[in-house]
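> Protein chains in written order, with the working numbering: chain A, 225 to 583; chain B, 225 to 583. The C-beta atom is built at its ideal place from N, Cα and C for all residues, glycine as well.
There are 2 protein chains.
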Amino acid sequence: MINVTQTFLPPIEEYTLILNRAWRNKWITNRGELLIELEAKLSDVLGVEHFFVTTNGTLPLQIAIKALGITKEIITTPFSYVATTSSIVWENCTPVFVDIEKETLTIDCSKIEAAITSDTEAILVTHVFGNPCDIEAIAVLAKKHNLKVIYDGAHCFNVQYKGQSIFNYGDVSTVSFHSTKLFHTGEGGAMFMRDKVLYDKVLYHHNFGHNGREKFHGLGINAKASELQAAMGLAVLPYMKTIIEKRKQLVEIYENVFRGLEGIQLVRFREGATRNYSYMPVIFKDEGTLLKVKKALEDKDIVPRRYFYPSLNTLDYVHSNKEMPVSESISKRILCLPLYYELKEEEVKLILSIITNTI
Amino acid sequence: MINVTQTFLPPIEEYTLILNRAWRNKWITNRGELLIELEAKLSDVLGVEHFFVTTNGTLPLQIAIKALGITKEIITTPFSYVATTSSIVWENCTPVFVDIEKETLTIDCSKIEAAITSDTEAILVTHVFGNPCDIEAIAVLAKKHNLKVIYDGAHCFNVQYKGQSIFNYGDVSTVSFHSTKLFHTGEGGAMFMRDKVLYDKVLYHHNFGHNGREKFHGLGINAKASELQAAMGLAVLPYMKTIIEKRKQLVEIYENVFRGLEGIQLVRFREGATRNYSYMPVIFKDEGTLLKVKKALEDKDIVPRRYFYPSLNTLDYVHSNKEMPVSESISKRILCLPLYYELKEEEVKLILSIITNTI
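#1: Is it true that the region 293-309 of chain A meets the region 467-476 of chain A, where meeting means three or more beta-carbon pairs spaced less than 8 Å apart?
#2: With a CB to CB cut of under 8 Å and the five nearest residues on each side skipped, what residues in its chain are close to Glu569 (chain B)?
#3: Is the shortest distance between the beta-carbon of Ser311 (chain A) and the beta-carbons of chain B less than 9 Å?
#4: How long is the line joining the alpha carbons of Leu406 (chain A) and Ala459 (chain A), rounded to whole angstroms?
#5: If you follow the beta strand (DSSP E) that Tyr416 (chain A) is part of, which residue opens it and which one closes it?
#6: In the DSSP assignment, find the unbroken beta strand (DSSP E) run with Glu297 (chain B) in it and report its ends.
#7: Alpha carbon to alpha carbon, what distance is there between Pro235 (chain B) and Leu563 (chain B)?
#8: Relative to the ligand ATP, is the shortest distance from any of its heavy atoms to the C-beta of Glu263 (chain B) smaller than 8 Å?
#9: Count the other C-beta atoms from every protein chain shown that fall within 10 angstroms of the C-beta of Arg529 (chain B), then say buried if there are 16 or more, exposed otherwise.
#10: Which residues does DSSP list as the beta-bridge partners of Leu559 (chain B)?
#11: Are any of the Cβ atoms in chain A nearer than 9 Å to that of Ile488 (chain B)?
#12: Quick one, are the C-beta atoms of Cys333 (chain B) and Ala361 (chain B) less than 9 Å apart?
#13: Smallest Cα separation from Gly436 (chain B): which of B:Leu574, B:Tyr239, B:Gln286 and B:Asn254?
#14: Would you list, in sequence order, the uninterrupted alpha helix (DSSP H) runs of no fewer than 4 residues that lie entirely inside the region 314-396 of chain A?
#15: What residues of chain A sit near Asn244 (chain B), judged by a beta carbon separation below 7 Å?
#16: Tell me which residue opens and which closes the alpha helix (DSSP H) that Thr582 (chain B) is part of.
#17: Below 7 Å CB to CB, which residues in the same chain sit around Leu258 (chain B) once its five sequence neighbours on both sides are set aside?
#18: Quick check on Lys524 (chain B): does DSSP put it in helix, strand or coil?
#19: Could you tell me whether the region 500-511 of chain B touches the region 287-302 of chain B, where touching means 3 or more Cβ pairs closer than 8 Å?
#20: Got a sec, what are the start and stop residues for the alpha helix (DSSP H) Phe275 (chain B) sits in?
#21: Taking the alpha-carbon of Ile252 (chain A) as reference, which of A:Lys448, A:Tyr375 and A:Thr498 has the nearest alpha-carbon?
#22: Consult DSSP for Ser535 (chain A) and reduce its assignment to one of helix, strand or coil.
#23: What is the rounded straight-line gap between the Cα of His434 (chain B) and the Cα of Gly256 (chain B)?
#24: Residues in the same chain with beta-carbon distance under 6 Å from Ile507 (chain B), minus the five sequence neighbours each way, listed in chain order, please.
#25: I want to verify the contact list: residues of chain A whose CB lies under 9 Å from the CB of Phe440 (chain B), in sequence order.
#26: Leu262 (chain B) and Val277 (chain B) look like a contact to me (Cβ under 8 Å); what is the Cβ gap, rounded to whole Å?
#27: 9 Å is my cut-off, CB to CB: does Met504 (chain A) come that close to chain B?
#28: Name the two residues that bound the continuous alpha helix (DSSP H) containing Ala454 (chain A).
#29: Let me confirm a value: Thr466 (chain A) is counted as buried when at least 16 other C-beta atoms fall within 10 Å, else exposed. Which label applies?
#30: If you draw a straight line from the alpha carbon of Ala378 (chain B) to that of Thr300 (chain A), how long is it in whole angstroms?
#31: What is the C-beta distance between Val517 (chain A) and Thr582 (chain A), in whole angstroms, given that I count them as a contact (C-beta under 8 Å)?
#32: Could one say the Cβ of Ser551 (chain A) lies closer than 9 Å to chain B's Cβ atoms, at least one of them?
#33: At least one CB of chain B closer than 9 Å to the CB of Ser397 (chain A): is that the case?
#34: Quick one: which chain B residues come within Cβ less than 7 Å of Phe432 (chain A)?
#35: How would you label Lys372 (chain A), buried or exposed, when you count the other beta carbons within 10 angstroms and need 16 or more for buried?
#36: Do we get a CB-CB distance below 9 Å when we pair Gly281 (chain A) with the residues of chain B?
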């Protein structure tokens, strides 16, 4: 089977060699030596300062909402993985959807102001497929309306925007290190803050508020990453350049063919941003074509995935009655094709020939 | 250094041998083969049916509160690890504290009714140190006042009450598999439900509400355990009998001495419950004595821990102005002494002689 993604795993001996240190320390979680080392290395690789690694990529969204004191309305995108919306709802806030841009698939900033009410406290939006939102426009709106900005950067490992890490924008940025992601720690994630004071507050939040063993500094839950996760990160990290280079080659094969095809749309990546080749999304002219392509691929044991479907404003628990025509249309027409380190060029060419023969 | 606890680690080769299967599957999370196997084995070992393993022991408390539809007041214990209270507050509910029994250190059921208001929706209490609450009294109160019951069973691995797993009581029970616990998966936990319908609902909640790839069944976040965690559980599980037997021997050495000492109180374990020897708590006659003992031990590089201090009703974020005299008094006087598999009898005797010479 060729799946939409396949977890990159370093030789298990390399993982075990690192993990041996945790065994020697008899220390398996609670900010152990491996986690501290992983954070130091990520700080260098990504060019980020105030951040920490977490047990998954969703808890950072929840913690950000709590830490920023948000309790009412949050402007958000309907085109993202479900976690973007579900974190808002889980934290008892109301997601207010604003439609996306047709070409970048990120939030349409020209429509944000119309959605702002006296209850709006924040903007929580996704750099979808690693493609940055219109960060400058969002900064202007946030300042004008006194809103907090949280970026769901789940797909953004290694993305740079205007000369620095994309995680350095907004009040809080998050990333996912889930095993389906470019870089991973099995399950995992991280959260990034520009402000050191906020960083300190949030660090407490992620470990029960512990301030030493017998004192507590505010409310907290558990979002700690373990040494099992940190060891995976340390074992995967040295391969990242090779992984990204290989994915770039595969994406170029895909895109070179798609650019010559009628009725196929590719995501337009924003100027000033580097690409990390985390996904291979392709947009068909209608859902019928998508379903035909999906079936033709599945018949050959190739499994693409409808990232992101359905449009999040249609989830039954959000009670949104506003239509999001662009997001709803894109959601029905977009398919992510297989893309991973071990995928072969011949396999990409096979996928391309199936698609070409189907549409 | 002799710490209050030390993580039990199986030979790393045994861990790696199991983990090899995840490598072969290229499957590191999302209910993989190892997790399913761990759950099957735990089902046998513990005698439980509707449950699943989670990434830590706190998310199950949060999920239980949401799944049971609780939004207002929750009766709870002030004598527990902070997670019991912080989960309630994080989920925007109000903790209403009821003091504990002097001898069992679990909630004093004779005082629960006085704390019930029209906003009370649930009782969330801890089987502290693996010692069951007065389960029958709580069941009667819950039925009379139409309250949900959540048991924080963080310390309760392997505890049986009246012939069955303690996790089979209440609407939801939780456990922690943190690396400081009797049985562990690094970080980890599990949640147990008596009702299959509730189990299904909660299983969705812990994985974003996913119902297949493209459908969602209600709200969800991420509480998934990875194969890295499951492999640890599978590697530790075969040692549990040996571990518990060894801890029992050490506890008996401690308790035999303490029973003959003036001014020392041991926890009274409830009749009908088996013990799992997860902690070695000892209560001194006053805080001054505790601090003297703590210092005398620390001078010899022995690190006990003030489990549980402070009394949770005194946390600054709970805004509770009711005094909890028993819990506040016990919190100031209770110390957990070193107890772990590799602790030697001579070390226990050393600890005992330091205490005997200090009090």
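Looking at the coordinates:
#1: With the cut-off at 8 Å, the region 293-309 of chain A and the region 467-476 of chain A do not touch.
#2: Locating residue 569 (chain B) in the second sequence gives position 345, counting from the first residue. Its chain contains Gln473, Leu474 and Ile477 as the residues whose beta carbon lies nearer than 8 Å to that of Glu569 (chain B), once the 5 sequence neighbours on both sides are disregarded; these appear in chain order.
#3: Translated into positions along the first sequence, residue 311 (chain A) becomes position 87. Yes, contact with chain B.
#4: Translated into positions along the first sequence, residue 406 (chain A) becomes position 182. Translated into positions along the first sequence, residue 459 (chain A) becomes position 235. Spanning the two alpha carbons is a distance of roughly 14 Å.
#5: Residue numbering aside, residue 416 (chain A) sits at position 192 when the first sequence is read from its first letter. The question names Tyr, but residue 416 (chain A) in the sequence shown is Phe. Counting along the chain, the beta strand (DSSP E) containing Phe416 (chain A) begins and ends at Gly413 to Met417.
#6: As a position in the second sequence, residue 297 (chain B) is number 73, starting the count at 1. First-last of the beta strand (DSSP E) with Glu297 (chain B): Glu297 to Thr300.
#7: Taking the first residue of the second sequence as 1, we reach residue 563 (chain B) at position 339. Taking the first residue of the second sequence as 1, we reach residue 235 (chain B) at position 11. Approximately 20 Å between the Cα atoms of the pair.
#8: As for the ligand ATP, it is missing from this structure, which has no ligand bound.
#9: Within the second sequence, the letter at position 305 stands for residue 529 (chain B). Burial call: buried.
#10: Position 335 of the second sequence, counting from 1, holds the residue named residue 559 (chain B). BP columns for Leu559 (chain B) point to B:Val506.
#11: By one-based count along the second sequence, residue 488 (chain B) stands at place 264. Cβ-Cβ to chain A under 9 Å: no for Ile488 (chain B).
#12: Mapped onto the second sequence, residue 333 (chain B) falls at position 109. Mapped onto the second sequence, residue 361 (chain B) falls at position 137. Result yes, Cβ atoms of Cys333 (chain B) and Ala361 (chain B) sit closer than 9 Å.
#13: Numbered from its first residue, the second sequence carries residue 436 (chain B) at position 212. The residue with the shortest Cα to Cα distance from Gly436 (chain B) is B:Asn254.
#14: Runs of the alpha helix (DSSP H) inside the region 314-396 of chain A: 359-369.
#15: As a first step, residue 244 (chain B) is located in the second sequence; it is residue number 20 there, counting from the start. Proximity of chain A to Asn244 (chain B) at the Cβ level (cut-off 7 Å) is accounted for by Ile236, in chain order.
#16: To locate residue 582 (chain B), count along the second sequence from 1; it is residue 358. Where Thr582 (chain B) is concerned, the enclosing alpha helix (DSSP H) stretches over Glu569 to Thr582.
#17: Here residue 258 (chain B) is taken as the residue at index 34 of the second sequence, counted from 1. Same-chain partners within the cutoff: Ile242, Arg245, Ala246, Glu451, Ala454, Ala455 and Leu458.
#18: Position 300 of the second sequence, counting from 1, holds the residue named residue 524 (chain B). Residue state for Lys524 (chain B) is assigned as coil, using DSSP reduced to three classes.
#19: Contact between the region 500-511 of chain B and the region 287-302 of chain B is absent, because fewer than three Cβ pairs lie under 8 Å.
#20: As a position in the second sequence, residue 275 (chain B) is number 51, starting the count at 1. Run containing Phe275 (chain B): none in the alpha helix (DSSP H); it sits in the beta strand (DSSP E), His274 to Thr278.
#21: For this step, residue 252 (chain A) is matched to residue 28 along the first sequence. Each of A:Lys448, A:Tyr375 and A:Thr498 was checked against the Cα of Ile252 (chain A), and the nearest Cα belongs to A:Lys448.
#22: In the first sequence, counting from the first residue as 1, residue 535 (chain A) sits at position 311. Correct three-state label for Ser535 (chain A): coil.
#23: Here residue 434 (chain B) corresponds to residue number 210 of the second sequence, with the count starting at 1. Here residue 256 (chain B) corresponds to residue number 32 of the second sequence, with the count starting at 1. Rounded to whole angstroms, the separation of the alpha carbons of Gly256 (chain B) and His434 (chain B) is 16 Å.
#24: Against the second sequence, residue 507 (chain B) aligns to sequence position 283. Within the same chain, and ignoring the five residues on either side of Ile507 (chain B) in sequence, the residues whose Cβ sits closer than 6 Å to its Cβ are Gln489, Arg557 and Ile558.
#25: The residue labelled residue 440 (chain B) in the question sits at position 216 within the second sequence. Listed along chain A are Val306, Ser310, Pro534, Leu539, Asp540 and Tyr541, each with a C-beta nearer than 9 Å to that of Phe440 (chain B).
#26: Counted from its first residue, the second sequence places residue 262 (chain B) at position 38. Counted from its first residue, the second sequence places residue 277 (chain B) at position 53. The C-beta distance from Leu262 (chain B) to Val277 (chain B) rounds to 6 Å, short enough to fall under 8 Å.
#27: By one-based count along the first sequence, residue 504 (chain A) stands at place 280. Chain B has no Cβ within less than 9 Å of the Cβ of Met504 (chain A).
#28: To locate residue 454 (chain A), count along the first sequence from 1; it is residue 230. Run containing Ala454 (chain A): Glu451 to Val460, per the alpha helix (DSSP H) assignment.
#29: The count along the first sequence starts at 1 and reaches residue 466 (chain A) at position 242. Result: exposed.
#30: To locate residue 378 (chain B), count along the second sequence from 1; it is residue 154. To locate residue 300 (chain A), count along the first sequence from 1; it is residue 76. In this model, Ala378 (chain B) and Thr300 (chain A) are separated by some 36 Å (Cα to Cα).
#31: As a working mapping, residue 517 (chain A) is identified with position 293 in the first sequence. As a working mapping, residue 582 (chain A) is identified with position 358 in the first sequence. Right, the Cβ-Cβ distance comes to about 5 Å (below 8 Å), so this counts as a contact.
#32: Stepping through the first sequence from its first residue, residue 551 (chain A) is reached at position 327. For Ser551 (chain A), no Cβ of chain B is located within less than 9 Å of the residue's own Cβ.
#33: Sequence index remark: in the first sequence, residue 397 (chain A) carries index 173 (1-based). By this cut-off, Ser397 (chain A) is not an interface position.
#34: Mapped onto the first sequence, residue 432 (chain A) falls at position 208. Under the 7 Å cutoff, chain B gives Val306, Ala307 and Ser310.
#35: Here residue 372 (chain A) is taken as the residue at index 148 of the first sequence, counted from 1. With 16 or more Cβ atoms within 10 Å of its Cβ, Lys372 (chain A) is classed as buried.
#36: Translated into positions along the first sequence, residue 281 (chain A) becomes position 57. It does: the Cβ of Gly281 (chain A) has a partner Cβ on chain B nearer than 9 Å.
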